[in-house]
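Our numbering runs 170 ahead of the 1-based position in the sequence shown.
We put the beta carbon where it would ideally sit given N, CA and C, even for glycine.
Structure, as C-alpha cells:
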Amino acid sequence: MLKELSQMAEKSSFISPDLYTKYEVKRGLRDITGKGVLTGLTEIGEVHSYIICDNEMIPEPGRLFYRGIDVSDLTKGFMEENRNGFEETVYLLLFGNLPSKDKLDEFQNLLSDFRSLPRSFVRDMILKAPSKDVMNMLARSVLALYSYDDNADDISIENVLRQSLGLIAQFPLLAVYSYQAINHYYGNKSLIIHSPRKDYSTAENILHLLRPDSSFTPLEAKILDLSLVLHAEHGGGNNSTFTTHVVSSAGTDTYSSVAAALSSLKGPRHGGANIKVVQMFDDLKANVKDWTDHDQIKSYLKSLLDKEAFDKTGLIYGMGHAVYSISDPRAEILKAQCRQLAIDKGLENEFELYKNVEMLAQEVIQEERKIYKGVSANVDFYSGFIYRMLNLPEELLTPIFAISRIAGWSAHRIEELVNKGKIIRPAYKSISKRCNYVKLENRK
C-alpha cells in the first residue's frame with residue numbers, strides 16, 4: 171500500500187518545468203543568468219563575481235568580503251603573523267570590525283569560558299541513543315540545549331549574543347563527542363572523550379578532542395584554522411544562512427533557528443558536497459590507472475557527466491558554483507595551503523591529480539554541457555582533500571563546516587532581529603484546477 175500511496179503522492183506533486191518559464195518563476199530564487207533575486211540587505215558578507223557594464227553581466231575572478239574586508243587580505247594578515255585567525259574572524263563578523271590585540275585576547279578568553287557543556291549533557295544527550303549521523307545528533311543537541319537555558323525564548327540582542335557565543339564555543343564539543351559516540355556504538359571502537367583545553371584555539375581543540383593521543387602538528391592546526399575562516403560566512407543568500415533569516419524573521423528562539431540552519435547544511439547540495447568530492451576521487455583513483463594520463467582522466471570525467479560513473483548523477487563534484495564562475499577565492503587560498511600539506515604528508519602525486527582534474531574538468535564541462543557562465547573549482551574541491559590529509563573522518567566533514575558557519579549564522583540572526591523586518595514570506599502561484607467537493611459515498 172505504501173508504494174501505491176507514494177506513487178500517488180509523486181504524481182499529484184509533479185509540476186511541468188514549462189510552467190516555471192510560463193509564469194516567470196525564479197526557481198531557486200535565481201534567474202536564467204544565475205543572478206540571485208534580491209531578497210534582503212546585509213553588511214556582513216559580500217560575494218563578488220561579476221560587474222555590470224552596458225546592462226550586461228560580465229564575470230570577474232571571485233572575491234569574498236567579510237564586513238568589507240577582502241578575505242584574501244584577512245587570511246594573508248593572520249597567516250603572515252603566524253597565528254590563528256578563526257576567533258578574530260568570529261569577532262569581525264559579529265561586531266563589524268577587527269579587534270585590537272587586547273580585545274582579541276579578551277574575546278578568546280570569553281569563548282574559552284563558554285567552551286563547556288551542562289553537567290551530564292554528554293551522558294544524557296549524546297551518549298544515550300545516538301543516531302548514525304553526526305549532523306542529526308548536532309541538531310538534536312542544539313535543540314536539547316534549549317532545555318538548559320533559563321532564558322531560551324528571550325530574543326533581546328544581549329541574550330541572543332550570549333546564546334550565539336555559547337553555541338560557537340560548544341559546537342566543536344557537540345560534533346566531536348557525537349562522532350565518538352557513533353564510532354563507539356556503531357563502529358565498535360573505543361570511546362574516548364577528551365575535555366577541551368582553554369589554551370587551545372577552536373581548530374586546535376577540534377584536533378585535540380578528536381585524536382586519541384590529542385597530538386597534532388602546528389601545520390595541521392594552521393590549515394584547519396584557515397579552512398574554518400574560509401567557511402565562516404558566504405553572504406545572506408546561501409541556503410543555510412537564508413534559512414537563518416527566514417526562521418529568525420518568525421521571532422523564534424536561537425536554538426530552533428540554528429537547528430533549522432543545520433538541517434539545511436546537512437544536504438549534499440550544500441554542506442555535504444565536500445564528502446561527495448572525497449568519495450568521487452576514491453572512485454576515480456580506483457578506475458584511472460595512470461594518474462598522469464590526461465586522456466584517461468578526461469574519459470572518466472566524461473563518464474561522470476554521462477551518468478555512467480560514481481553515483482550516476484551527472485555531476486563532477488567540487489566543480490561549479492551558483493555564484494562564482496571564473497574562480498572561487500576560497501578554493502584559490504586553500505589550494506596553496508593544500509600543496510604545502512600534501513608535501514608534508516608525502517602526497518604530492520595526489521595533489522597533482524587534483525590539479526589535473528581541476529583543469530581537465532573545466533574543459534570537459536565546456537565541451538559536453540551548454541552552460542551560460544564559466545565553471546571553476548569551488549571550495550569543496552580542495553577542502554575535502556585537506557580534511558582527508560588531516561585524517562578527519564568523513565562523518566565529521568559537514569559538521570566541521572557547521573562549526574565554522576555558526577559564526578556567520580549568528581551574525582545574520584542578530585542582523586535580522588536588529589532590523590525588525592517583516593516575516594519572510596515569498597509568494598507561490600497555485601496552478602491547481604478548481605473542482606467540486608464529492609461526498610464520501612459518491613467517491614470512486
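Checklist entry - Could you give the distance in angstroms between the alpha-carbon of LYS468 and the alpha-carbon of ASP460? => result In the sequence shown, counting from the first residue as 1, residue 468 sits at position 298. In the sequence shown, counting from the first residue as 1, residue 460 sits at position 290. If I take the Cα positions, the gap works out to 12 Å.
Item to check | Helix, strand or coil at VAL141 [DSSP, three-state] | outcome: Given a span of 171 to 614 for the chain in the structure shown, any question on residue 141 remains unanswerable.
Checklist entry - Under 7 Å between the Cβ atoms of ALA351 and LEU297? => result Your numbering for residue 351 matches position 181 in the sequence shown. Your numbering for residue 297 matches position 127 in the sequence shown. Yes, the Cβ-Cβ distance between ALA351 and LEU297 is below 7 Å.
Checklist entry - Counting only runs that start and end within the region 461–489, where is the alpha helix (DSSP H) found for 4 or more residues in a row? => result Given a length threshold of 4 residues, each whole run of the alpha helix (DSSP H) inside the region 461–489 is given here in chain order: 464–475.
Item to check | Contact set for ILE535: own chain, Cβ-Cβ below 6 Å, skip 5 residues either direction | outcome: Stepping through the sequence shown from its first residue, residue 535 is reached at position 365. Closer than 6 Å at the Cβ level, and outside the excluded window around ILE535, lie VAL545.
Item to check | Terminal residues of the beta strand (DSSP E) in which MET227 lies | outcome: Walking along the sequence shown from the start, residue 227 turns up at place 57. Per DSSP, the continuous beta strand (DSSP E) segment holding MET227 begins and ends at 226–236.
Item to check | Nearest to VAL448 (by Cα), restricted to the options ILE556, PHE412, PRO288 | outcome: Position 278 of the sequence shown, counted from the start, is the residue given in the question as residue 448. Checking every option, the nearest Cα to that of VAL448 belongs to ILE556.
Checklist entry - Along the chain, which unbroken stretches of the alpha helix (DSSP H) at least 4 residues long are found entirely within the region 400–453? => result The qualifying runs are 409–419, 424–435.
Checklist entry - Any Cβ of chain B within less than 7 Å of the Cβ of PHE521? => result No chain B appears in this structure, which consists of one protein chain only.
Next on the checklist: If you measure between the beta carbons of ALA572 and LEU435, is that distance less than 7 Å?
Outcome noted: Looking up residue 572 in the sequence shown gives position 402. Looking up residue 435 in the sequence shown gives position 265. Yes, Cβ-Cβ distance for ALA572 and LEU435 is below 7 Å.
Checklist entry - Counting Cβ pairs closer than 8 Å, one from the region 337–354 and one from the region 562–580, do we hit at least three? => result Yes, the region 337–354 is in contact with the region 562–580.
Next on the checklist: With DSSP as the reference, identify every bridge partner of ALA547, one or two as the case may be.
Outcome noted: Here residue 547 refers to the residue found at position 377 when the sequence shown is read from its first residue. Per DSSP, MET489.
Next on the checklist: Contact defined as beta carbons within less than 8 Å: I believe ILE594 pairs with SER334. What is the distance between those atoms, to the nearest angstrom?
Outcome noted: In the sequence shown, residue 594 corresponds to position 424, counting from 1. In the sequence shown, residue 334 corresponds to position 164, counting from 1. In this structure ILE594 does not touch SER334 by the C-beta definition: roughly 20 Å separates them, more than the 8 Å allowed.
Checklist entry - How about TYR425 and TYR316: are their beta carbons less than 7 Å apart? => result The residue you call residue 425 lines up with position 255 of the sequence shown. The residue you call residue 316 lines up with position 146 of the sequence shown. Cβ atoms of TYR425 and TYR316: closer than 7 Å.
Next on the checklist: By DSSP's criteria, ARG200 is part of a beta bridge. Which residues make up the other side?
Outcome noted: Locating residue 200 in the sequence shown gives position 30, where the first residue counts as 1. Under DSSP, ARG200 forms a beta bridge with GLY206.
Checklist entry - Do VAL615 and VAL493 have their C-beta atoms within less than 7 Å of each other? => result Past the edges of the chain, shown from 171 to 614, lies residue 615, and the structure says nothing about it.
Checklist entry - Which first and last residues belong to the alpha helix (DSSP H) in which LEU313 is found? => result Here residue 313 is taken as the residue at index 143 of the sequence shown, counted from 1. Where LEU313 is concerned, the enclosing alpha helix (DSSP H) starts and stops at 304–315.
Checklist entry - Residues in its own chain within less than 6 Å of ASN329 by CB, not counting five upstream and five downstream? => result Position 159 of the sequence shown, counted from the first residue, corresponds to residue 329. Scanning its chain for C-beta atoms nearer than 6 Å, with the 5 sequence neighbours on each side dropped, one finds around ASN329 the residues ASN321, in chain order.
Item to check | Contacts around PHE480, its chain only, beta-carbon distance under 7 Å, and the 5 residues preceding and following it disregarded | outcome: Position 310 of the sequence shown, counting from 1, holds the residue named residue 480. Apart from the 5 residues on each side of it in sequence, PHE480 sits with its Cβ closer than 7 Å to the Cβ of MET450, ASP453, LEU474 in its chain, given in chain order.
Checklist entry - Between the region 271–291 and the region 350–368, do at least 3 Cβ pairs fall closer than 8 Å? => result Enough Cβ pairs lie closer than 8 Å, so yes.
Item to check | Same chain only: Cβ atoms within 8 Å of ALA391, ignoring 5 sequence neighbours per side | outcome: Here residue 391 refers to the residue found at position 221 of the sequence shown. The answer, listed in chain order, is ASN254, SER371, ALA373, GLU374, LEU377.
Next on the checklist: Since HIS415 and HIS582 should fall inside the 8 Å C-beta cutoff, what is the C-beta to C-beta distance between them, to a whole number of angstroms?
Outcome noted: If you number the sequence shown from 1, residue 415 lands on position 245. If you number the sequence shown from 1, residue 582 lands on position 412. Right, the Cβ-Cβ distance comes to about 6 Å (below 8 Å), so this counts as a contact.
Item to check | Touch test, the region 546–555 against the region 493–507, Cβ-Cβ under 8 Å, three pairs minimum | outcome: Segments in contact, yes.
Checklist entry - Rounded to a whole number of angstroms, what is the C-alpha to C-alpha distance between PRO438 and ASP465? => result The residue labelled residue 438 in the question sits at position 268 within the sequence shown. The residue labelled residue 465 in the question sits at position 295 within the sequence shown. Taking the straight line from one Cα to the other gives about 29 Å.
Next on the checklist: Ignoring anything shorter than 4 residues, give me the alpha helix (DSSP H) runs that lie fully in the region 260–310, in order along the chain.
Outcome noted: If we require 4 residues or more, the alpha helix (DSSP H) runs fully inside the region 260–310 come out as 271–284.
Item to check | 6 Å CB neighbourhood of ARG285 in its chain, flanking five on each side removed | outcome: One-based indexing of the sequence shown puts residue 285 at position 115. Contacts found: ALA339, PRO366.
Checklist entry - With C-beta atoms as the reference, is MET559 less than 7 Å away from LEU511? => result Position 389 of the sequence shown holds residue 559. Position 341 of the sequence shown holds residue 511. With respect to LEU511, MET559 sits close: the two C-beta atoms are nearer than 7 Å.
Checklist entry - Any idea what DSSP makes of ILE570, helix, strand or coil? => result Counted from its first residue, the sequence shown places residue 570 at position 400. When DSSP states are grouped into helix, strand and coil, ILE570 belongs to the helix group.
Next on the checklist: Assuming contact is defined by CB atoms lying nearer than 7 Å, are LYS599 and TYR190 in contact in what I supplied?
Outcome noted: Here residue 599 corresponds to residue number 429 of the sequence shown, with the count starting at 1. Here residue 190 corresponds to residue number 20 of the sequence shown, with the count starting at 1. Taking 7 Å as the Cβ cut-off, LYS599 and TYR190 do not qualify as a contacting pair.
Next on the checklist: Quick test of your reading: SER580 and LEU264, contact by CB under 8 Å. State the CB separation rounded to the nearest angstrom.
Outcome noted: Counting from 1 along the sequence shown, the entry for residue 580 is found at position 410. Counting from 1 along the sequence shown, the entry for residue 264 is found at position 94. Separation of the CB atoms of SER580 and LEU264 is rounded to 6 Å, and the pair is thereby assigned contact status at 8 Å.
Item to check | Alpha-carbon spacing of MET305 relative to LEU379, whole angstroms | outcome: Position 135 of the sequence shown holds residue 305. Position 209 of the sequence shown holds residue 379. If you take the alpha carbons of MET305 and LEU379, they lie about 17 Å apart.
Checklist entry - Roughly how many whole angstroms lie between the Cα atoms of ASP201 and VAL195? => result Here residue 201 refers to the residue found at position 31 when the sequence shown is read from its first residue. Here residue 195 refers to the residue found at position 25 when the sequence shown is read from its first residue. A direct Cα-Cα distance of roughly 8 Å separates ASP201 from VAL195.
Checklist entry - Just how far apart, CA to CA, sit HIS430 and LYS505? => result Translated into positions along the sequence shown, residue 430 becomes position 260. Translated into positions along the sequence shown, residue 505 becomes position 335. A small correction: the amino acid at residue 430 is Ala; His does not occupy that position in the sequence shown. Each residue's Cα considered, the two are about 31 Å apart.
Checklist entry - How is ILE593 classed by DSSP in three states: helix, strand or coil? => result Residue numbering aside, residue 593 sits at position 423 when the sequence shown is read from its first letter. In the structure shown, the three-state DSSP call for ILE593 is coil.
Item to check | Selected residue, minimal CA-CA separation from MET249, among LEU313, LYS592, PRO388 | outcome: The residue you call residue 249 lines up with position 79 of the sequence shown. For the residues LEU313, LYS592, PRO388, the minimum Cα distance to MET249 belongs to PRO388.
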